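Student: Numbering (full-length UniProt numbering), first residue to last: 1 to 619.
Input: one structure, supplied below.
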Ligand SMILES: [Zn+2]
Ligand SMILES: [Zn+2]
Ligand SMILES: [Zn+2]
Ligand SMILES: [Zn+2]
Ligand SMILES: [Zn+2]
């Protein structure tokens, strides 16, 4: 057997293989250990002062060259990981082995000690997790003895002489059985997944040996690749020019006075966090007759951004995302070229002598090309079972982190800034409000609501699913035309409600991982003429889906019923490209239909008209 190399690309060490995630590779299964195990001497500092200030951490580090002596060579970049699950079985003799570090042989997978030809062992498919983020092996010795045969002499249940048997005469989980070779007890896996009586062991796989707090939660048995096994909480920031220091809050002094007059509310707002802070913001804005944006500006000025945060949860992560996005939107939406080290932008203008279609597009959006941008992406922690507010496990596995793991990504992008008046008029249409109210209601019920708040802001505006769907179709079309793979393109949707002005933009950019250079193909696609053609083609492909009429006529669908007319065939993207986990998508908002006016419907009609006239001209 040759030495095998297991490695994770550095760009993957935040998502999908961040702390607490399961890594499957070449038939082996590992879990990425907490940052307390990082070999800091080999990790590099990643600079992002804006992100650090927002998250109240001292800084960021990228994953070190791995020093997982057992599993890899120590020159490969990666995160330290431990083998998980520990329980493995042999596909030939069906014996189960509880693996441990002493059995590891560098460069080799675990091999069956019983079979003459030593085949590689296979990890057990099921593990147990709990809502507080713990994860452990299923207690197989206990399971095998939980239904002792009446006739046999039970061996006491501690026995680890187990086999994992397959019965060819039955199907599914009933056909799989964990069996004790000592006492002949055993149990099939039929009720394993809905078995409710097992307690959580209170452990993380990389801390098996240490005494952990007792966990009161019931354990849930799931397959290793289950969707609810791991919910990472990430945050990212683009490098933008530092705001000018004007020496005072950039506000009308009358506004500042009105806010300070509401002394008690103002103090409460400054010390509140998460959802409470948002509620207080809206009360205070009403009372002082100012906008929420003005409140946040003054708060940032007065407190130097040191607004207190509690235990990091999804709500806090959402409010960080919201504020980071507010700053980016303001920086990108200036229509002034930026030439910073890590952000180079060029606002483009539409040519004179526009066609009817180009004129309709110009009314809808303006284009800024980013020839260079840099993004720092960090992992705050993770949860399991549900992405819930209080269950976030910090990346340290214990106390709140003073620094966070991060990766930096260089790329290029296209930023579209949409016309506020046109959007507002479109959003005022009763049929649009009604359609989006349905999505908004589902969002209120959805378990991802906390998670999505960072993208939607406190209120879902109709432009959000419309711009989001546009972004998806744009990415699909750009990937086709620019030579980038879909998975290397990313989106940022700017569609949150704001005080004076709502956000109204889409940034599509490359995240080429560790490389500094980019293909340059994306920025070239942003010039008005090729862009107009790209948009036309995306609208054309968005008008039709191979799953129609089902796709466009079906009601609520997708994760937590948060999508309307959108499916894998027409709109969805790889998870890593999407800000919302492929939710809040609806082609009808773009192209129209079912009595709903699409935002781009006039463009499509003009294009059809053009095509018809061309055809007549040729006839
Ligand atoms: Zn064997
Ligand atoms: Zn036994
Ligand atoms: Zn637990
Ligand atoms: Zn579809
Ligand atoms: Zn998306």
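We treat Cβ as the ideally placed atom computed from N, Cα and C, and that holds for glycine.
Note that the coordinates shown come from a computational prediction; the quantities given were computed from them, not determined experimentally.
Between residue 577 and ligand 5, is the CB less than 8 Å from at least one heavy atom?
Tutor: Yes, the beta carbon of residue 577 sits closer than 8 Å to at least one heavy atom of ligand 5.
Student: Just how far apart, CA to CA, sit residue 522 and residue 412?
Tutor: One C-alpha to the other measures close to 7 Å.
Student: May I ask which residues mark the beginning and end of the alpha helix (DSSP H) holding residue 62?
Tutor: First-last for residue 62: undefined, no H or E at that position.
Student: With a threshold of 8 Å on Cβ separation, who are the neighbours of residue 197 within its own chain once the five nearest residues in sequence on each side are excluded?
Tutor: Only 218 meet the Cβ criterion.
Student: Got a sec: does ligand 5 put a non-hydrogen atom nearer than 8 Å to the Cβ of residue 472?
Tutor: Correct: residue 472 has its Cβ closer than 8 Å to ligand 5.
Student: Does at least one heavy atom of ligand 2 sit under 8 Å from the Cβ of residue 645?
Tutor: It is not possible to answer for residue 645, since the shown part of the chain is limited to 1 through 619.
Student: Check the DSSP bridge columns for residue 563 and list the partner residues they point to.
Tutor: 557.
Student: Would residue 340 and residue 240 qualify as a contact pair, given that the criterion is a beta-carbon distance under 9 Å?
Tutor: Yes, these two residues count as a Cβ contact at 9 Å.
Student: Give the DSSP-derived three-state secondary structure of residue 123 in the structure shown.
Tutor: Residue 123 falls in the strand class under three-state DSSP.
Student: According to DSSP, is residue 270 helix, strand or coil?
Tutor: Residue state, collapsed to three classes: helix.
Student: Taking all protein chains shown into account, do 16 or more other C-beta atoms lie within 10 angstroms of the C-beta of residue 93, making it buried, or fewer, making it exposed?
Tutor: So residue 93 counts as exposed.
Student: Taking residue 200 as the reference, give the member of 49, 129, 227, 395 with the closest Cα.
Tutor: Out of 49, 129, 227, 395, 129 has the C-alpha closest to the C-alpha of residue 200.
Student: Cα separation between residue 401 and residue 359?
Tutor: Straight-line Cα distance between these residues: approximately 51 Å.
Student: Does residue 240 come out as helix, strand or coil in the three-state DSSP assignment?
Tutor: Three-state result, residue 240: coil.
Student: Return yes when the C-beta of residue 468 is under 8 Å from any heavy atom of ligand 7, and no when it is not.
Tutor: With respect to ligand 7, the structure shown offers nothing to examine, as its ligands consist of ligand 1, ligand 2, ligand 3, ligand 4 and ligand 5.
Student: Output yes or no for whether 9 Å exceeds the beta carbon distance between residue 419 and residue 365.
Tutor: Cβ atoms of residue 419 and residue 365: closer than 9 Å.
Student: Quick check on the DSSP output: the beta strand (DSSP E) that includes residue 216 runs from which residue to which?
Tutor: Taken as a continuous stretch (DSSP letters only), residue 216 belongs to no beta strand (DSSP E), as it is neither H nor E.
Student: Could I get the ranges of all uninterrupted alpha helix (DSSP H) runs contained in the segment 403-472, with 4 residues as the minimum, in chain order?
Tutor: Correct list: 420-427, 430-445, 449-456.
Student: By Cβ distance, which residues of its chain are closer than 6 Å to residue 173, with the 5 residues on each side in sequence left out?
Tutor: Around residue 173: 189, 190.
Student: Identify whether residue 373 lies in helix, strand or coil by the three-state DSSP scheme.
Tutor: DSSP places residue 373 in strand when its eight states are reduced to three.
Student: Exposed or buried, residue 1, counting other C-beta atoms within 10 Å across all chains shown (16 or more means buried)?
Tutor: With a pLDDT of 42 at residue 1, under the threshold of 50, the predicted position of this residue should be treated as unreliable, though the coordinate-derived value follows. That one is exposed.
Student: What is the DSSP secondary structure of residue 613, reduced to helix, strand or coil?
Tutor: Three-state DSSP puts residue 613 in a helix.
Student: I believe residue 541 touches residue 588 by the beta-carbon criterion, under 8 Å. Please report the beta-carbon distance rounded to the nearest angstrom.
Tutor: Actually they are not in contact, since the Cβ atoms of residue 541 and residue 588 sit about 15 Å apart, beyond 8 Å.
Student: Quick check: the Cα distance between residue 28 and residue 302, rounded to an integer number of angstroms?
Tutor: Taking the straight line joining both Cα atoms gives about 53 Å.
Student: Round the Cβ separation of residue 596 and residue 435 to the nearest angstrom and send it over; I've been treating them as touching at under 8 Å.
Tutor: So it is a contact: roughly 6 Å between Cβ atoms.
Student: Contact between the segment 130-140 and the segment 214-230: three or more CB pairs below 8 Å?
Tutor: Counting Cβ pairs under 8 Å, three or more are found: they touch.
Student: Are the beta-carbon atoms belonging to residue 367 and residue 416 less than 9 Å from one another?
Tutor: Their beta carbons are under 9 Å apart, which means residue 367 touches residue 416 by this criterion.
Student: State whether the segment 479-488 contacts the segment 606-616, with contact taken as three or more CB pairs (one from each stretch) at a distance under 8 Å.
Tutor: Segments in contact, no.
Student: Pick helix, strand or coil for residue 599, following the three-state DSSP scheme.
Tutor: If DSSP states are grouped into helix, strand and coil, residue 599 belongs with coil.
Student: Whether or not the segment 473-482 and the segment 378-392 are in contact is what I'm after, with contact meaning three or more pairs of Cβ atoms, one per stretch, closer than 8 Å; do they touch?
Tutor: Touching, no.
Student: Taking 7 Å as the limit between beta carbons, can you name the residues of its chain near residue 593, skipping five residues before and five after?
Tutor: So the list reads 552, once near-sequence residues are dropped.
Student: Starting from residue 181 and walking both ways along the beta strand (DSSP E), at which residues does that stretch end?
Tutor: Careful: residue 181 lies outside any beta strand (DSSP E) and carries neither H nor E.
Student: In the DSSP assignment, find the alpha helix (DSSP H) that holds residue 49 and state where it starts and stops.
Tutor: 49-55 is the span of the alpha helix (DSSP H), which, as asked, contains residue 49.
Student: For residue 292, is the beta carbon positioned less than 8 Å from some heavy atom of ligand 3?
Tutor: No - ligand 3 has no heavy atom lying nearer than 8 Å to the Cβ of residue 292.
Student: For residue 352, does the count of other Cβ atoms within 10 angstroms reach 16, so buried, or fall short, so exposed?
Tutor: Result: exposed.
Student: Does DSSP put residue 535 in a helix, in a strand, or in coil?
Tutor: In the structure shown, residue 535 sits in a helix (DSSP, three-state: H, G or I).
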